[in-house]
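Peer 1: My structure is below; once you've seen it, I'll send some questions.
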Amino acid sequence: MLGAELKSANIVFWMPNAPCITKDGVNSVSDENEVAAIENQNGNHWRKILTIAAKLSVDVEEEWRHYKANRLLIESTFVFSKADFEGSKAKFKFIVGKQLAESKPPPLDADKIYGVNDPLERSNDRVVLSKEGVYWTPYFDYRQFPNALIGAVRAYMQD
626 MLGAELKSAN IVFWMPNAPC ITKDGVNSVS DENEVAAIEN QNGNHWRKIL TIAAKLSVDV
686 EEEWRHYKAN RLLIESTFVF SKADFEGSKA KFKFIVGKQL AESKPPPLDA DKIYGVNDPL
746 ERSNDRVVLS KEGVYWTPYF DYRQFPNALI GAVRAYMQD
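Residue numbers (this note's numbering): 626 to 784.
Written out as structure tokens, the structure is:
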């Protein structure tokens, strides 16, 4: 796990792979510099992942950059196993990427969320499915999960 303790996380992101971390066994984060360290060690790939996670997690009134740097890994957690994901009681739970969706498929009656004014709107590549607080999303990369879709998911989460 990376971030908050599983029992206290408001949001859980189930990712197909973990970042490389050279610190001894990071399980929970108490250092606000942790996000920067992860980005420095893992480059642009994890910078995008953490940015999209912050944009999905931040309160409407707060700026996502500040949230990402100071609270993302204190209030949410990234898990890398199905058991950890299923053990979470978080209000919002994200299954990230097609590979994990195959492991835990969405129900047929899941709601579909599309990005507003997305040129690929209604494309199966750019859709988020949701049922009872669980979200099946594209991988956290801007080509697959653009800002329009992030905004639509955030609006859905507010309802």
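All C-beta atoms in this analysis are idealised placements derived from N, C-alpha and C, irrespective of residue type, glycine included. Keep in mind it's a predicted model, so treat the numbers as computed, not measured.
State yes or no: is the C-beta of residue 716 within less than 9 Å of the C-beta of residue 772?
Peer 2: Working through the sequence shown from its first residue, we reach residue 716 at position 91. Working through the sequence shown from its first residue, we reach residue 772 at position 147. Contact: no.
Peer 1: Residue 775 and residue 754 - do their beta-carbons sit closer together than 9 Å?
Peer 2: Along the sequence shown, one-based indexing puts residue 754 at 129. Along the sequence shown, one-based indexing puts residue 775 at 150. It is not a contact, given that the beta carbons lie outside the stated cut-off.
Peer 1: Give the straight-line distance between the Cα atoms of residue 638 and residue 678, rounded to the nearest whole angstrom.
Peer 2: Residue numbering aside, residue 638 sits at position 13 when the sequence shown is read from its first letter. Residue numbering aside, residue 678 sits at position 53 when the sequence shown is read from its first letter. Answer to the nearest angstrom: the Cα atoms are 8 Å apart.
Peer 1: Helix, strand or coil: how does DSSP classify residue 728 here?
Peer 2: Translated into the one-based positions of the sequence shown, residue 728 becomes position 103. Reduced to three states, the DSSP call for residue 728 is helix.
Peer 1: Determine which residues share a DSSP beta bridge with residue 633 and list them.
Peer 2: The sequence position of residue 633 within the sequence shown is 8, counting from 1. According to DSSP, which records beta bridges pairwise, residue 633 is partnered with nothing at all.
Peer 1: Check each candidate in 760, 663, 759 and name the one with the smallest Cα separation from residue 643.
Peer 2: Counting from 1 along the sequence shown, the entry for residue 643 is found at position 18. The shortest C-alpha separation from residue 643 is found at 663.
Peer 1: Which two residues bound the contiguous alpha helix (DSSP H) that contains residue 681?
Peer 2: As a position in the sequence shown, residue 681 is number 56, starting the count at 1. It spans 659 to 682 - the alpha helix (DSSP H) in which residue 681 sits, taken as one unbroken run.
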